[in-house]
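Enquirer: Adding 20 to a residue's 1-based position in the sequence shown gives its number in our numbering. By construction, the Cβ of each residue, glycine as well, lies at the ideal position given by its N, Cα and C atoms. One structure coming up, written as structure tokens, with questions to follow.
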Amino acid sequence: LFFFQCDNAKGLKAFYDAIKFGPNHLMVFGGVCATVTSIIAESLKGWNLVQLSFAATTPELADKKKYPYFFRTVPSDNAVNPAILKLLKHYHWKRVGTLTQDVQRFSEVRNNLTDVLDGKDIEISDTESFSNDPCTNVKKLKDNDVRIILGQFNEEMAVKVFCCAYDEEMYGSKYQWIIPGWYENLWWETWINSSQCLSKNLLTAMEGYIGVDFEPLSSKTNKTISGRTPQQYEKEYNARRGDGQASKFHGYAYDGIWVIANSLQRAIKHLNSTNKHQKIEDFNYSNQKLGNIFLNAVNETRFFGVTGEVVFKNGERMGTIRFTQFQEQKEVKVGEYNAVDDTLVIINNSIRFQGVEPPKDKTIIQEELRKISLPLYSILSALTILGMIMASAFLFFNIKNRNQKLIKMSSPYMNNLIILGGMLSYASIFLFGLDGSFVSEKTFETLCTVRTWILTVGYTTAFGAMFAKTWRVHAIFKNVKMKKKIIKDQKLLGIVGGMLLIDLCILICWQVVDPLRRTVEKYNMEVCPQARVI
21 LFFFQCDNAK GLKAFYDAIK FGPNHLMVFG GVCATVTSII AESLKGWNLV
71 QLSFAATTPE LADKKKYPYF FRTVPSDNAV NPAILKLLKH YHWKRVGTLT
121 QDVQRFSEVR NNLTDVLDGK DIEISDTESF SNDPCTNVKK LKDNDVRIIL
171 GQFNEEMAVK VFCCAYDEEM YGSKYQWIIP GWYENLWWET WINSSQCLSK
221 NLLTAMEGYI GVDFEPLSSK TNKTISGRTP QQYEKEYNAR RGDGQASKFH
271 GYAYDGIWVI ANSLQRAIKH LNSTNKHQKI EDFNYSNQKL GNIFLNAVNE
321 TRFFGVTGEV VFKNGERMGT IRFTQFQEQK EVKVGEYNAV DDTLVIINNS
371 IRFQGVEPPK DKTIIQEELR KISLPLYSIL SALTILGMIM ASAFLFFNIK
421 NRNQKLIKMS SPYMNNLIIL GGMLSYASIF LFGLDGSFVS EKTFETLCTV
471 RTWILTVGYT TAFGAMFAKT WRVHAIFKNV KMKKKIIKDQ KLLGIVGGML
521 LIDLCILICW QVVDPLRRTV EKYNMEVCPQ ARVI
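Structural data, given as structure tokens:
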């Protein structure tokens with residue numbers, strides 16, 4: 021029984037009339053529209069009839085509990101999802117977002133995609149759906165830093181989506197759109213007038229998108245079950261149809277006839293080998309045994325047809341999925357996925373990304389420690405070493421000539437304290453330059469304390485000695501009576517010692533009550549000049 025009706029009422033009447041008034045049919049071939057096909061497929065179990073469709077792609081028909089006698093030579097809409105998974109893994113994309121038109125057909129594919137990606141180390145970071153205006157949802161995808169977008173929508177909505185993508189700058193080297201590949205040729209020209217988008221802006225946003233759909237005809241040059249290659253079949257098909265419009269399902273219809281012929285031949289062989297008294301002509305709608313023989317025969321189908329390897333798994337066709345890319349206003353085939361072998365083939369150098377490499381699946385956030393410049397630290401360290409060498413030379417000169425009259429009059433002990441204080445302050449420069457890039461977290465906290473103590477003690481020693489010498493000059497010259505006044509170095513050392521004692525008390529209390537701790541200060545994120553995705 022060949023069945024091609026799309027009107028529900030007419031379709032059901034035609035089917036029931038064929039069952040009631042026509043001869044006994046062995047199988048039902050057809051069912052193009054999902055609504056009529058699903059109603060008939062659900063009732064076929066009562067007549068023990070196997071149905072084979074070549075054009076009904078709705079995912080709903082994959083439910084074998086509800087439609088146990090239904091098969092199709094065309095892959096379902098869900099068949100693209102394992103192919104998409106393979107593509108994501110090929111380019112190491114582990115973070116994606118979905119944008120789905122609020123229609124059952126697209127929602128079912130999206131839900132199945134979620135199941136396919138589950139447990140495959142691929143995160144769906146955002147799931148957006150829309151009815152008429154997708155711009156809000158496109159913006160949400162951008163706000164969530166989604167770079168790989170898996171879309172499910174028709175041509176009219178696709179124009180709106182890409183217009184929104186252009187407005188949000190979600191195109192180019194940082195983004196990859198993957199959408200249905202079954203749109204008509206030059207599909208955007210039909211719907212461009214219904215949007216507020218300029219044609220050049222729309223084409224800019226569309227450039228590079230990848231379309232996913234079933235392959236209408238196999239690209240292999242092997243001979244099929246009919247003895248023709250797919251290319252020879254296509255040539256003959258085009259010659260026979262003349263000026264008539266081509267259907268992308270014609271190859272699946274052709275292979276469908278071969279499935280029926282092959283299945284009936286297998287059923288005849290089975291009957292001849294098991295029950296020679298029974299023939300397929302004995303089939304009637306209450307003959308469950310023959311119905312099961314036909315069902316098993318279709319299930320065991322395996323041959324090479326014009327659409328590729330024809331194999332069924334739970335009634336679903338394990339077909340070939342085609343990848344195309346929009347390049348310079350035309351669709352270019354860039355690869356294909358074979359569901360039977362679970363293999364993906366990307367045609368050499370055919371796929372073109374907008375950047376020098378495939379887009380990253382997210383903005384890469386690299387925590388980078390802000391550190392002291394090594395060249396700057398090296399220069400200052402070199403200058404510090406020169407300063408310490410000079411201070412050491414002065415110290416050596418001061419000790420060696422301490423008994424000479426001029427040196428002795430300048431208080432060599434106080435001079436030595438000034439030099440030692442300066443050398444301690446110099447030494448702190450080395451410690452202040454040692455940041456988190458040079459030392460560990462634990463060492464850094466100890467270093468914080470040590471360098472604070474060294475700088476404080478060094479500065480107080482140098483400043484205290486200088487202050488004591490200045491005070492002695494002040495005390496002598498403010499003596500208006502010009503009486504002889506002697507202030508010995510021991511007294512000056514006491515002043516310096518007093519200052520150091522105050523410092524030590526403060527430092528000890530600080531260390532006991534609230535010691536220095538290492539903290540990490542987070543700065544605002546910045547775009548890396550060398551790589552815009554970092």
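Take the Cβ of Gly-441 as the centre, count every other Cβ of all protein chains shown within 10 Å, and call the residue buried at 16 or more, exposed below.
Expert: buried
Enquirer: With DSSP as the reference, label Gln-345 as helix, strand or coil.
Expert: strand
Enquirer: Out of Val-352, Ala-411 and Ala-287, which has the shortest C-alpha to C-alpha gap to Thr-321?
Expert: Ala-287
Enquirer: Buried or exposed for Gly-375, going by 16 or more other Cβ atoms inside 10 Å?
Expert: exposed
Enquirer: Just list the residues that DSSP pairs Asp-381 with in beta bridges.
Expert: DSSP, once it has assigned bridges, lists no residue as partnering Asp-381.
Enquirer: For Ala-76, collect the residues of the same chain with a Cβ closer than 7 Å to its Cβ; drop the 5 residues on either side in sequence, then sort them by chain order.
Expert: Gly-51, Val-52, Ala-54, Thr-57 and Arg-92
Enquirer: In angstroms, rounded to a whole number, what distance separates the CA positions of Leu-451 and Thr-476?
Expert: 13 Å
Enquirer: Helix or strand or just coil, what does DSSP make of Glu-351?
Expert: strand
Enquirer: Look at the alpha carbon of His-290 and the alpha carbon of Tyr-89, and state the distance between them as a whole number of angstroms.
Expert: 19 Å
Enquirer: Across which residues does DSSP place Gln-196 in a beta bridge pair?
Expert: Ile-168
Enquirer: Based on DSSP bridge pairs, tell me the residues matched to Ile-144.
Expert: In the DSSP secondary-structure assignment, Ile-144 is bridged to Val-116.
Enquirer: So if DSSP puts Arg-92 in a beta bridge, which residue, or which two residues, is it bridged to?
Expert: Ser-73
Enquirer: Based on the DSSP output, what are the partners of Ser-149 in its beta bridges?
Expert: Thr-120
Enquirer: How far does the alpha helix (DSSP H) with Lys-180 in it extend, from its first residue to its last?
Expert: 175-187
Enquirer: Can you tell me the Cα-Cα spacing of Ser-73 and Val-547, whole angstroms?
Expert: 54 Å
Enquirer: Measure the CB-CB distance between Tyr-479 and Ser-445 and report whether it falls below 8 Å.
Expert: yes
Enquirer: Are at least three pairs of beta-carbons, each pair with one atom in the segment 152-161 and one in the segment 199-213, less than 8 Å apart?
Expert: no
Enquirer: Should Val-179 and Ser-215 be called a contact, given that it needs their Cβ atoms to be closer than 8 Å?
Expert: yes
Enquirer: At what residues does the alpha helix (DSSP H) containing Met-486 begin and finish?
Expert: 461-497
Enquirer: If we count the other Cβ atoms within 10 Å of its Cβ and call it buried at 16 or more, is Asn-232 buried or exposed?
Expert: It should be noted that the sequence gives Val, not Asn, for residue 232. By the 10 Å Cβ count, Val-232 comes out buried.
Enquirer: Give a yes or no on whether the C-beta atoms belonging to Phe-41 and Ile-60 are separated by under 8 Å.
Expert: no
Enquirer: May I ask which residues mark the beginning and end of the beta strand (DSSP E) holding Phe-324?
Expert: Taken as a continuous stretch (DSSP letters only), the beta strand (DSSP E) holding Phe-324 covers 322-325.
Enquirer: I want to know whether the segment 481-489 touches the segment 504-521 - three or more CB-CB distances under 8 Å.
Expert: yes
Enquirer: When the Cα of Asn-319 is compared with those of Phe-332, Phe-182 and Gly-328, which residue comes out closest?
Expert: Phe-332
Enquirer: Buried or exposed, going by whether 16 or more other CB atoms sit within 10 Å of the CB of Gly-262?
Expert: Flag for Gly-262 reads exposed.
Enquirer: Using DSSP bridges, identify the partner residues of Asn-358.
Expert: Thr-340 and Thr-363
Enquirer: Can you name the residues that DSSP bridges to Lys-289?
Expert: Answer is none; Lys-289 lacks a bridge partner.
Enquirer: Report all residues from its chain with a CB closer than 7 Å to the CB of Ala-99; omit the five preceding and five following residues, and keep chain order.
Expert: So the qualifying residues of the chain are Phe-234, Gly-339, Ile-341 and Ala-359.
Enquirer: With distance defined between alpha-carbon atoms, name the residue in Ile-554, Phe-416, Leu-364 and Gln-424 nearest to Glu-387.
Expert: Ile-554
Enquirer: Tell me which same chain residues have a C-beta within less than 7 Å of the C-beta of Thr-383, skipping the five on either side of it?
Expert: Asp-165 and Val-553
Enquirer: Pull up the distance between the alpha-carbon of Trp-207 and that of Arg-125, whole angstroms please.
Expert: 19 Å
Enquirer: Can you grab the Cα-Cα spacing for the pair Asn-304 / Asn-68, in whole Å?
Expert: 8 Å
Enquirer: Determine which residues share a DSSP beta bridge with Ile-230 and list them.
Expert: Ile-198 and Gln-345
Enquirer: CB-CB under 8 Å to Asp-160, same chain, minus the five flanking residues each way: which ones, in chain order?
Expert: In the sequence as presented, Asp is not what sits at residue 160; that position holds Lys. Asp-146 and Glu-148.
Enquirer: Quick check on Lys-299: buried or exposed, where buried means 16 or more other Cβ atoms within 10 Å of its Cβ?
Expert: Label assigned to Lys-299: exposed.
Enquirer: Residue range of the alpha helix (DSSP H) that Val-52 falls in?
Expert: Val-52 -> no alpha helix (DSSP H), and no H or E assigned at all.
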